[in-house]
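Below: one structure, written as structure tokens.
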Amino acid sequence: MAQKAKTLRDLARMKRALAPGHRACAGCPFPVIVKLVMSATDYPLVVANATGCMEVTTTIFPYTAWPVNWIHNAFENAAATISGVEAAYKALKRKGKIPADKEIKFVAFGGDGGTYDIGLQALSGALERGHNFLYILYNNEGYMNTGIQRSSATPKYASTTTSPAGKVIPGKLQWRKEITDIIIAHNPAYAAQASPAFWSDLIRKVQKALEADGPSFINVISPCQPGWNYPPDLSIDLTKLAVETKYWPLYEYKNGGWKVNYKPRKPLPVIEFLKPQRRYKHILNRPELIEEIQQEVEKRWERLLKLEEAFPLKE
Amino acid sequence: MAKRKTTRMALTGNEAMAFAMKQINPDVVAAYPITPATQIVELFSKYVADGEVDTEFVPVESEHSAMSACVGASAAGARVMTGTASQGLALMHEILYIASALRLPITMCVVNRTLSAPINIHCDHSDTMGSRDAGWIQIYTENVQEAYASTIVGVRTAEKANLPVMVTTDGFVLSHGMESLDVFDDEDVREFLGQRKPLYNVLDVDNPITVGPLDLQDYFFEHKRGQIEAMFEAKKHIYDAHREFAEFFGVELPVFMEPYRLDDAEYAIVVLGSSAGTGKEVVDDLRDEKGMKVGLLRLRIFRPFPYEELQQVLGKVKYLAVMDRADSLNTMGGPVATEIARALYHFSERPIIHSFVYGLGGRDVPPENFYEVIEKMQWIAAGNTPDRMVTYVGVRE
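Residue numbers (the working numbering), protein chains in the order written: chain C, 201 to 515; chain P, 20 to 416.
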């Protein structure tokens, strides 16, 4: 099937996007992510959405911003729900109730709360069972819908309402866990990390994921303006800085191999990514903590390069 | 009504329910094993492996995901079934409400087992009574024959009412007890059920819809009111489904309840599930040997609650013992007693009611339990007033 939106002009003309009028915050990048995902393909889509910002801001009855079939069940079960839809599709196709040539693709959207934490079990189960679906994690590094609480995606030293920067404790004390590694441990058909600033890379990844035979996963950075606390016009800039500082490597995994899609020629220091975000305000004058974050970024980057070298991605 | 061909088989409750599921041949089954319902999932997997059904079987990693996948599949227009018990049903709890509110006719075989703690794998009704307000139609069966037939009529009921249905058996007593029963031919079961006609379908990609949106103060109440009305309307669908079943197969099932020797009864016992068989024996003995005017009412459908029918059969009874195999921990006894009291209070003719809780955690239910219940009611009839609204039978106090 022909794929759409290869150029910026194509993208601007795409009709399959969230309708205007949704209640996402000013500067929230997930409407951009949804548009990029839907623009990547002509296939009819059925979307399952975990409870969270995306669900509550796009479907306030009697309105919906979704141009495709969409189902919300609960918080922790988007993957289980889409696996049920996909199972029905297989069964009804087998029984001739859906024409054999009718191709439908299945996409689940979840935030980091619904993916790293409360929904991890359901996602793990759906990946292991091998349903044919794409899971898009829009990763804003916290429980933002309930008002900016820590999640296991929240990075070290970020201040949230449940890991507040105090007189004694400088924000969250733990590193975020590596969800993409956890997904890759399931040996999915395809897994990747992406950033909306690198829109053509994101589109290409969605296309690869939808063509892969089996479960696929893309972890997309999605800054939260109120949660990360920055001027709303900086959202996409932040998703670029995250990549240029190696904080958010763009990479993909398939057939047991890794590929790092973008290696900044002159990587920026991580402070450039942290500085505009007031969730880090309390550590900006503590160079030893910034250095600790820098070291962690380097460590994870080096590990990724070694994986790529040892197990290069073969299409 | 011409009787359809039947075959005599010896099956346990679990085998009978799995066999019914095979005959139904659902589009999707998503399930997770749990004692004492495990065999339903095991046997159904074998039917899938042997190609006896063309169901898409989703062996999920938990009951929460089982019900979640059932919701997804049913919203996609599929005929969907599952099975569980006890902790599994409790883990599904959150999604049970979503299944009913989205008007999805999922049929679930539930083997009644007590809820922890203490952990125990045996029968009482605390699990399904715990989900009594989740918007599901609940059918409690007395024996394996009825469990088999109720599974089939349960699917028809669900799809007429567009509400989910639980069909229950008493754990081990029925689930693992073997009985001889008459089963229909696969073709007849499939012809009877025909195709599901969904209200909506998320696989209809030419007509996109949004299912499960955020619904706030301005519309939620109207939507919830609609769901509540669906439960009022379910009564008619339940009668229709059972009538159609009887007309097609030539076999009558009790619908909401089965009255047993209740005409002219002064004393009556209400009970659910397999214990009714023991109760009927005691009623026979008390009537035939001791000349007491005693009857029994087996309540088969607990949701929606058949208050009008109950008034008709119990309104003239003088002393009513309601036996619950679950306790509400509200110091008033079990949920069936509470609801019957509420139902009959509405009418001017009503009996004196006392609540009895029995058989928790699989405690054996011998005839002595029923004699004790009747003796207590005679004591009340003699003008005594119990200290409490509930009496516990068969327990070391």
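For glycine and all other residues, C-beta sits at the position ideal for the given N, C-alpha and C.
Close Cβ partners of residue i (< 7 angstroms) along its chain, the five nearest in sequence each way excluded
i	result
Gly-221/C	Tyr-263 and Ala-265
Arg-329/C	Ser-283
Gln-477/C	Trp-428, Asn-429 and Tyr-430
Ser-422/C	Pro-229, Phe-230, Ile-233, Tyr-338, Asn-339 and Asn-340
Val-67/P	Thr-74 and Phe-76
Val-202/P	Thr-25, Thr-26, Met-28, Phe-38 and Tyr-167
Pro-45/P	Thr-74, Arg-98, Val-99 and Met-100
Ala-442/C	Ser-395, Ile-421, Trp-448 and Phe-473
Lys-254/P	Pro-323
Gly-414/C	Gly-330, Asn-332, Pro-388 and Ala-389
Glu-508/C	Trp-458, Lys-459 and Val-460
Within chain C, the residues that residue i reaches when beta carbons sit closer than 8 angstroms
i	result
Tyr-238/P	Phe-261 and Pro-262
Chain-ordered chain P contacts of residue i [CB-CB under 9 angstroms]
i	result
Ser-283/C	Ala-49, Val-77, Val-79, Ser-84, Ser-87, Ala-88, Gly-91 and Ala-92
Contact set between residue i and chain C, taken where Cβ atoms lie within less than 7 angstroms
i	result
Glu-113/P	Ala-274
Ile-228/P	Asn-269
Ala-153/P	Here the premise fails: no neighbours, minimum Cβ distance about 14 angstroms.
Ile-117/P	Asn-273 and Ala-274
Asp-346/P	None at all; the shortest Cβ gap to chain C is about 29 angstroms.
Own chain partners of residue i with C-beta closer than 8 angstroms, once the 5 adjacent residues on each side are dropped
i	result
Val-436/C	Before going on, a small fix: residue 436/C reads as Ile here, not Val. For Ile-436/C, where only same-chain residues beyond five positions count, the Cβ hits under 8 angstroms are Pro-229, Val-232, Pro-396 and Ala-397.
Phe-264/P	Ala-168, Ile-171, Val-172, Arg-175, Phe-211, Val-270 and Leu-272
Pro-355/C	Glu-341, Lys-372, Trp-375, Arg-376 and Ile-493
Met-36/P	Ile-59, Gly-102, Cys-128, Ala-166, Tyr-167, Thr-170, Val-186 and Thr-188
Gly-314/C	Ala-250, Thr-251, Gly-252, Phe-275, Glu-276 and Ala-278
Leu-134/P	Ser-105, Gln-106, Ala-109, Ser-145, Asp-146 and Gly-149
Where residue i meets chain P, residues with beta-carbon distance less than 7 angstroms
i	result
Arg-294/C	Asp-73
Gly-371/C	The premise fails here: Gly-371/C is roughly 31 angstroms from chain P at the closest Cβ pair, so nothing lies under 7 angstroms.
Gln-321/C	Glu-80 and Ser-81
Ser-239/C	None at all; the shortest Cβ gap to chain P is about 16 angstroms.
Arg-216/C	By Cβ distance, chain P contributes nothing, its closest Cβ being about 10 angstroms from Arg-216/C, past 7 angstroms.
Val-256/C	Leu-233
Tyr-289/C	Ala-95 and Leu-222
Pro-244/C	Val-224
Inter-residue CB distance, residue i and residue j (contact presumed, cutoff 8 angstroms)
i	j	result
Leu-182/P	Arg-122/P	7 angstroms
Val-285/C	Ala-92/P	7 angstroms
Gln-253/C	Pro-426/C	A small correction: the amino acid at residue 253/C is Cys; Gln does not occupy that position in the sequence shown. Rounded, the Cβ-Cβ distance is 10 angstroms, inconsistent with contact.
Lys-308/C	Phe-333/C	Note on identity: in this sequence residue 308/C is Ala, with Lys being the wrong assignment. Right, the Cβ-Cβ distance comes to about 6 angstroms (below 8 angstroms), so this counts as a contact.
Ala-49/P	Ala-88/P	4 angstroms
Gly-359/P	Val-341/P	Residue identity differs from the one stated: residue 359/P is Ile in this sequence, not Gly. Sure, about 5 angstroms apart at Cβ, within 8 angstroms.
Tyr-335/C	Ala-279/C	6 angstroms
Asp-146/P	Ala-177/P	With a Cβ gap of about 19 angstroms, Asp-146/P and Ala-177/P do not count as contacting.
Thr-31/P	Met-197/P	5 angstroms
Close Cβ partners of residue i (< 6 angstroms) along its chain, the five nearest in sequence each way excluded
i	result
Ala-401/P	none
Asn-269/C	Val-246
Lys-514/C	Asn-455 and Gly-457
Thr-160/P	Ala-166, Ser-169 and Thr-188
Met-127/P	Thr-101 and Met-185
Lys-506/C	none
Ile-348/C	Gly-342, Thr-360, Thr-361 and Gly-427
Opposing strand residues paired with residue i [DSSP bridges]
i	result
Ser-199/P	Ala-29/P
Pro-512/C	Trp-458/C
Thr-229/P	Trp-270/C
Thr-187/P	Val-129/P and Tyr-159/P
Thr-101/P	Met-127/P
Glu-75/P	Val-47/P
Arg-479/C	Note: Arg-479/C sits in no beta bridge, so no partner.
Gln-349/C	Tyr-343/C
Ile-260/C	Leu-233/P
Gly-314/P	Ala-287/P
Val-376/P	Asp-343/P and Tyr-411/P
Closer than 7 angstroms: residue i CB and nearest the ligand ZN heavy atom
i	result
Val-224/P	Of ligands this structure carries none, so the ligand ZN is not represented either.
Beta-carbon neighbours of residue i, restricted to chain P and to distances below 8 angstroms
i	result
Trp-266/C	Pro-227 and Thr-229
Gly-325/C	Val-79, Glu-80, Ser-81 and Ser-84
Ile-298/C	Leu-222
Proximal chain C residues relative to residue i, where beta-carbon distance stays under 9 angstroms
i	result
Val-208/P	Correct list: empty, because the minimum Cβ distance to chain C is about 16 angstroms.
Asp-205/P	Per Cβ cutoff of 9 angstroms: no residues; Asp-205/P is ~15 angstroms from chain C at best.
Whole alpha helix (DSSP H) elements within the stretch 379-461 of chain C, 4-residue minimum
379-384, 399-411 and 435-444
Entirely within the stretch 109-145 of chain P and at least 3 residues each: give me those beta strand (DSSP E) ranges in chain order.
126-131
At what residue ranges does the stretch 249-288 of chain P contain a whole run of the beta strand (DSSP E), taking only runs of 3 or more?
276-279
Runs of 4 residues minimum, wholly inside the stretch 310-346 of chain C: which ones carry the alpha helix (DSSP H) assignment?
320-329
Return the chain-ordered ranges of every beta strand (DSSP E) run that is complete within the stretch 40-65 of chain P and spans a minimum of 3 residues.
47-49
Starting from the N-terminal side, write out each stretch of the beta strand (DSSP E) that is 3 residues or longer and does not extend beyond the stretch 339-373 of chain P.
none
Let me know the alpha helix (DSSP H) ranges lying completely inside the stretch 270-297 of chain C, each 4 residues or longer, listed in chain order.
278-294
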